[in-house]
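Novice:
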Amino acid sequence: MVKVRVLDTAERAVGNRHATGALDLARRLPRLAIEARRIAATAAHGIHGRRQAGSGEAFWQFRTFMPGEPAHRVDWRRSARDDERYYVREREWEAAHTVWLWIDRSASMGYASALAQAPKIDRAVVLGLALADILVRGGERVGHIGLTNPQASRSIVDRIAEALAADRSEPADAPPGLPLAPLTEAVLISDFLTPAARVREAIERMAARGAGGHLVMVLDPVEETFPFEGQAVLAELEGPQTLRVGDAGSFRALVLDRMKAHREAIREACARRGWTFAVHRTDRPASEALLSLAARIAERDAGMAGVRIGGGG
């Protein structure tokens, strides 16, 4: 019988181990992959002639001024209308280089079996922070939805980790359906074990203005194989419901069919908007998921550059 456990709230909390693990993973990523992504991004800039920062650029939107930014970036006229915040005038090229993370920290992410290398929450946080580090080194600006503004700080891992650790709100089990600006990208990391309709609605809202996105479904191997026999009790981690099963072996086919249908529904929701979707199991190395995700982001960036080139001709 495979042993499983569920992390409590304190064990699921983001801490130094996540930041340390993310930096270690990002630094172990093969240099060739990092260099390939940098070259691809540089080539895309050169081909479609993206303008550099400076006067006369097209205004995109206002965003909140972040500590550590040069004071000359503050738009004083806009800031004068707000007693609590300063604002920066964000330009088109900056918005086009923004990646929004969302990392699921709900109760179901605390699931871990003896077959896994790490609990789902640990794998999701480390994967998201490592990706942020790589993207910033490649020239992108990264923020976590609902917690941090996009920034290109070399200490991005620590900044997002600190924001996650300081967040005391009840973690949501589905991504927030916030419309994102065109040309930005979302990276959503979760087990997505919530009704597919909620995930589909969030994707539709995020992509409504043309934002791209990538979903990584993080699953424990037990959730993909259901290797139980005999009597078993299935408990809802984010609710009070339980189900006692007399013969878990005969129940396996139903569980796996339901899981497959759920996964395909989310895959189809992504495909409708041209978003990517991948499943990562926690019995596999985190580097596999990171390499795959970085490659998909680079591939989409190259494709978007091609669209802009074609549209301009």
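Each step along the sequence shown adds one to the number in UniProt numbering, with nothing skipped, and position 139 is 139.
Ideal Cβ positions, reconstructed from N, Cα and C, are used throughout, including at glycine.
Since the model is a prediction, treat every value here as computed from it, not as a measurement.
#1: Going by C-alpha to C-alpha distance, which of Glu201, Ser79 and Leu23 sits closest to arginine 273?
#2: Examine the Cβ distances between the stretch 141–148 and the stretch 77–88 and report whether three or more of them are shorter than 8 Å.
#3: Excluding five sequence neighbours on each side, which residues of the same chain lie with their C-beta closer than 7 Å to the C-beta of glycine 313?
#4: Report the three-state DSSP secondary structure of glutamate 201 (helix, strand or coil).
#5: Threshold first: 3 residues or longer. Then list the beta strand (DSSP E) segments lying entirely within the stretch 106–169, N to C.
#6: With distances taken from CA atoms, which of Leu293, His280 and Ala295 is nearest alanine 118?
#7: Could you check whether leucine 180 and alanine 132 sit closer than 8 Å to each other, using their CB atoms as the reference points?
#8: With contact counted as at least three CB pairs below 8 Å, one residue from each stretch, are the stretch 152–164 and the stretch 124–141 in contact?
#9: Under the three-state reduction of DSSP, which class applies to histidine 97: helix, strand or coil?
#10: Just reading off the beta strand (DSSP E) that valine 222 is part of, what are its end residues?
#11: From arginine 63 to glutamate 84, what does the alpha carbon distance come to, in whole angstroms?
#12: Tell me, please, which residues DSSP counts as bridged to valine 216.
#13: Tell me whether residue 367 is buried or exposed, calling it buried when 16 or more other Cβ atoms sit within 10 Å of its Cβ.
#14: Alpha carbons only, please: which of Arg296, Gly177 and Arg252 is nearest the one belonging to alanine 207?
#15: Should leucine 254 be labelled buried (16 or more other beta-carbon atoms within 10 Å of its own) or exposed?
#16: Alpha carbon to alpha carbon, how far is arginine 50 from phenylalanine 65?
#17: In its own chain, which residues sit with a C-beta less than 6 Å from the C-beta of arginine 31, not counting the 5 before and 5 after it?
#18: Give the secondary structure of valine 14 by DSSP, where H, G and I count as helix, E and B as strand, and everything else as coil.
Specialist: This is what the structure holds:
#1: Glu201
#2: no
#3: Confidence at glycine 313 is low in this model, with a pLDDT of 35, below 50, so the placement of that residue should be treated as unreliable; the coordinate-derived value is given next. Counting only Cβ-Cβ distances below 7 Å, and skipping sequence neighbours, we find nothing.
#4: helix
#5: 111–113 and 141–144
#6: His280
#7: no
#8: yes
#9: coil
#10: Counting along the chain, valine 222 falls outside any beta strand (DSSP E), though it belongs to the alpha helix (DSSP H) covering 221–225.
#11: 13 Å
#12: Ile189 and Ala278
#13: There is no way to answer for residue 367, as the model of the chain reaches only from 1 to 313.
#14: Gly177
#15: exposed
#16: Here the model assigns arginine 50 a pLDDT of 35, short of 50, so the residue's position is not dependable and the matter cannot be decided.
#17: Low local confidence applies: a pLDDT of 47 at arginine 31 is under 50, so the model's placement there is unreliable, with the coordinate-based value given in what follows. Excluding sequence neighbours, arginine 31 sits near nothing in its chain.
#18: coil
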